[in-house]
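Asker: So the sequence lines, in the order shown, correspond to chains A and B.
Just so we're aligned, residue 1 is where the first sequence starts under the working numbering, counting upward by one.
Just so we're aligned, residue 112 is where the second sequence starts under the working numbering, counting upward by one.
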Amino acid sequence: GQSLEQPSEVTAVEGAIVQINCTYQTSGFYGLSWYQQHDGGAPTFLSYNALDGLEETGRFSSFLSRSDSYGYLLLQELQMKDSASYFCAVRDRGYGQNFVFGPGTRLSVLP
Amino acid sequence: EAGVTQSPTHLIKTRGQQVTLRCSPISGHTSVYWYQQALGLGLQFLLWYDEGEERNRGNFPPRFSGRQFPNYSSELNVNALELEDSALYLCASSRETGVSNQPQHFGDGTRLSIL
Numbered sequence: 001g002q003s004l005e006q007p008s009e010v011t012a013v014e015g016a017i018v019q020i021n022c023t024y025q026t027s028g029f030y031g032l033s034w035y036q037q038h039d040g041g042a043p044t045f046l047s048y049n050a051l052d053g054l055e056e057t058g059r060f061s062s063f064l065s066r067s068d069s070y071g072y073l074l075l076q077e078l079q080m081k082d083s084a085s086y087f088c089a090v091r092d093r094g095y096g097q098n099f100v101f102g103p104g105t106r107l108s109v110l111p
Numbered sequence: 112e113a114g115v116t117q118s119p120t121h122l123i124k125t126r127g128q129q130v131t132l133r134c135s136p137i138s139g140h141t142s143v144y145w146y147q148q149a150l151g152l153g154l155q156f157l158l159w160y161d162e163g164e165e166r167n168r169g170n171f172p173p174r175f176s177g178r179q180f181p182n183y184s185s186e187l188n189v190n191a192l193e194l195e196d197s198a199l200y201l202c203a204s205s206r207e208t209g210v211s212n213q214p215q216h217f218g219d220g221t222r223l224s225i226l
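1. Would you check if the distance between the CB atom of His-140 (chain B) and the CB atom of Ser-205 (chain B) is smaller than 7 Å?
2. Just to confirm, are Gly-177 (chain B) and Leu-187 (chain B) a CB contact at a threshold of 7 Å?
3. For Ser-3 (chain A) versus Gln-25 (chain A), is the C-beta distance shorter than 7 Å?
4. Taking Asn-98 (chain A) and Gly-169 (chain B) to be in contact with their CB atoms under 8 Å, please state how far apart those CB atoms are, rounded to whole angstroms.
5. Tell me whether Thr-105 (chain A) is buried or exposed, calling it buried when 16 or more other Cβ atoms sit within 10 Å of its Cβ.
6. Measuring CA to CA, which of B:Phe-180, B:Phe-175, B:Ala-203 is closest to Gln-117 (chain B)?
7. Chain B beta carbons: is any one of them nearer than 7 Å to that of Asn-98 (chain A)?
8. According to DSSP, simplified to helix, strand and coil, what is Asp-92 (chain A)?
9. Between Val-189 (chain B) and the ligand NAD, is there a pair consisting of the residue's CB and a ligand heavy atom that are separated by less than 6 Å?
10. Assign Leu-75 (chain A) to one of two classes, buried (16 or more other C-beta atoms within 10 Å of its C-beta) or exposed (fewer than that).
11. Could you work out which residues of chain A lie near Asp-196 (chain B), taking near to mean beta carbons separated by less than 9 Å?
12. When the cut-off is 7 Å and only beta carbons count, does Phe-171 (chain B) lie next to chain A?
13. Please name the residue, chosen from A:Tyr-86, A:Glu-77, A:Phe-63, that lies closest to Glu-14 (chain A) on a Cα-to-Cα basis.
14. Could you tell me how far apart the beta carbons of Ser-83 (chain A) and Leu-107 (chain A) are, in whole angstroms, since I believe they sit closer than 8 Å?
15. So who's on the other strand from Tyr-183 (chain B), going by DSSP bridges?
16. If we require 4 or more residues per run, which alpha helix (DSSP H) segments fall completely within the region 40-74 of chain A?
17. With H, G and I counted as helix, E and B as strand and the rest as coil, what does DSSP make of Asp-82 (chain A)?
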């Protein structure tokens, strides 16, 4: 099995850069995904790291290091609309290929 | 393209009742996933269906069950409802292509309240 850990809350100001970390304990997984969920809304897919390294998609970047059991989501040029919860997620490589989401990090962007 | 659709959007039940939630995936997606999200908490994996078969289930009691139809739509059934079943039930779909990790596309969920 596996467990994912994320900080519960992060606060930053508009225009700043924020990094949301995700550490995990797992025997094996296919890759690390990130999802964004606004209050009252559905989670939306942000990025996926199949391999170690950095993936960039506009203002958002995601990083994975399997050797360090660690990944992060980097949000640049923060905007008020980025205030949301962010979840990391993995798909277990083992039997059944279970899906596990982290507890989520609530990001508050202040003016 | 139309997104994942779920019905109903809200539902109020009492303890001991049974409920059926429905989900229509994005066209071309063969996999459907169900999650439970209690208020203010993360997503707990419930069930995964692909090509009409249950591929995996999370750590939930047997009173949580479901099925996937030939058109890939899906139902989640919960029997003998308990107060702690109050939550947002999210359905997601993806293209299932073997071992690759296709992104999951979520519906807006069904808010279930147990009185």
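C-beta: ideal position from N, C-alpha, C; glycine also.
Model, not experiment: these values are computed from the prediction.
Answerer: Reading from the atomic positions:
1. Contact: yes.
2. Going by C-beta atoms, Gly-177 (chain B) is nearer than 7 Å to Leu-187 (chain B).
3. Yes; because the gap between Cβ atoms is below 7 Å, this pair is in contact.
4. With 8 Å as the limit, Asn-98 (chain A) and Gly-169 (chain B) qualify as a contact, their Cβ atoms being about 7 Å apart.
5. Around the CB of Thr-105 (chain A), 16 or more other CB atoms lie within 10 Å, so the residue is classed as buried.
6. The shortest Cα separation from Gln-117 (chain B) among B:Phe-180, B:Phe-175, B:Ala-203 belongs to B:Ala-203.
7. Chain B, which has a Cβ nearer than 7 Å to the Cβ of Asn-98 (chain A), makes this yes.
8. In the displayed model, Asp-92 (chain A) falls within a strand according to three-state DSSP.
9. Because no ligand of any kind appears in the structure shown, any question about the ligand NAD cannot be addressed here.
10. By the Cβ-count criterion, Leu-75 (chain A) is buried, with 16 or more other Cβ atoms from all chains shown falling within 10 Å of its own Cβ.
11. Here the premise fails: no neighbours, minimum Cβ distance about 19 Å.
12. No, because no Cβ of chain A sits closer than 7 Å to the Cβ of Phe-171 (chain B).
13. The candidate whose alpha carbon is nearest that of Glu-14 (chain A) is A:Glu-77.
14. Contact flag correct, Cβ pair sits at about 6 Å.
15. Answer by DSSP bridge pairing: none, since Tyr-183 (chain B) is not bridged.
16. Taken in chain order, the region 40-74 of chain A contains no complete alpha helix (DSSP H) segment of 4 residues or longer.
17. It is helical.
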